[in-house]
Amino acid sequence: GQSLEQPSEVTAVEGAIVQINCTYQTSGFYGLSWYQQHDGGAPTFLSYNALDGLEETGRFSSFLSRSDSYGYLLLQELQMKDSASYFCAVREASNTGKLIFGQGTTLQVKP
Amino acid sequence: GAGVSQSPSNKVTEKGKDVELRCDPISGHTALYWYRQSLGQGLEFLIYFQGNSAPDKSGLPSDRFSAERTGGSVSTLTIQRTQQEDSAVYLCASSFRDRAKNIQYFGAGTRLSVL
Chain A
1 GQSLEQPSEV TAVEGAIVQI NCTYQTSGFY GLSWYQQHDG GAPTFLSYNA
51 LDGLEETGRF SSFLSRSDSY GYLLLQELQM KDSASYFCAV REASNTGKLI
101 FGQGTTLQVK P
Chain B
112 GAGVSQSPSN KVTEKGKDVE LRCDPISGHT ALYWYRQSLG QGLEFLIYFQ
162 GNSAPDKSGL PSDRFSAERT GGSVSTLTIQ RTQQEDSAVY LCASSFRDRA
212 KNIQYFGAGT RLSVL
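Below you can see the structure in the form of structure tokens.
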């Protein structure tokens, strides 16, 4: 089976940089995704790593190391609106494309 | 543009009643997924549709849960004889499954409360 572990909570100040880690145990997967979910809202896609290395999208970057079974999401120049839950998810190596999610990390950005 | 639409947004029901949750995916998306999210938890996969067929139902927790999809579009998740442990937010997502990233677009969910 698949399992992913993330810290439950992270706190940072506005303008800072924060890294949210994700470690996983999986028998095989296509890639690692990150989703953001504001309180009561729909999860929205942030980033995807199919290969090892860094993917950058604006203030957000994501990293994957398959050899270490590890990934992270890096948020730079934090803004108050970044306060949300962040989920890592593996895309299972099957024809379904279904996602297996971590439990999520609640990020609180303080002024 | 139109995103994934789910209805109702909230549903309160009594234990033992049946409920139907509806999902209207993004037009043209062939893949549709149902997930369940308990309070403060991650998303738990329930079922996957490709077109109108459901090749992966492995996440349905019991035979009280069923789902169908018609016309390659709207999907309905039905929970029979609801139990208190069914209380959760039920999320629907759709995607172009054949694309490499398989970005899934989620609806805002149906918050189900079983009293």
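These protein sequences, in sequence, are chains A and B. Per our numbering, residue 1 is the first one in the first sequence, and the count goes up by one each step. Per our numbering, residue 112 is the first one in the second sequence, and the count goes up by one each step. Virtual Cβ for every residue (Gly too), placed ideally from N, Cα, C.
- Taking A:Tyr48 as the centre and dropping the five residues before and after it, the same chain places the C-beta of Gly31, Ser33 closer than 6 Å to its C-beta, in chain order.
- Rounded to whole angstroms, B:Gln195 and B:Pro119 show a C-alpha spacing of 18 Å.
- Bounds of the beta strand (DSSP E) holding A:Glu56 are 53-57.
- Under the three-state reduction of DSSP output, A:Asp39 falls in the coil class, being neither helix nor strand.
- Among the CB atoms of chain A, one or more fall inside 8 Å of the CB of B:Asn213.
- If you ignore the 5 residues before and after A:Ala50, its C-beta comes within less than 6 Å of the C-beta of Gly31, all in its own chain and listed in chain order.
- For A:Lys81, the three-state secondary structure derived from DSSP is helix.
- Using beta-carbon distances, B:Ser206 counts as an interface residue toward chain A, with a partner under 8 Å.
- The beta carbon of A:Ser69 sits closer than 8 Å to those of Thr23, Tyr24, Gln25, Thr26, all from its chain and outside the five residues before and after it, given in chain order.
- Per the coordinates, the alpha-carbon of B:Leu202 lies some 9 Å from the alpha-carbon of B:Cys134.
- For A:Asp82, the CB contacts under 7 Å within the same chain, skipping 5 residues up- and downstream, are Leu75, Leu107, Val109 in chain order.
- Of all alpha-carbon atoms in A:Tyr86, A:Gly40, A:Val13, the one lying nearest the alpha-carbon of A:Met80 is that of A:Val13.
- With contacts defined by Cβ atoms closer than 8 Å, B:Ala113 and B:Ser138 form a contacting pair.
- Interface with chain A (8 Å Cβ-Cβ cutoff): B:Gly139 is excluded.
- In the DSSP assignment, B:Pro166 falls within the beta strand (DSSP E) that extends over 164-167.
- Look at the stretch 36-52 of chain A: the residues with a C-beta under 9 Å from a C-beta of chain B are Gln37, Gly40, Gly41, Ala42, Pro43, Thr44, Phe45, Tyr48, Ala50.
- A:Arg91 belongs to the set of residues whose beta carbon lies under 8 Å from a beta carbon in chain B.
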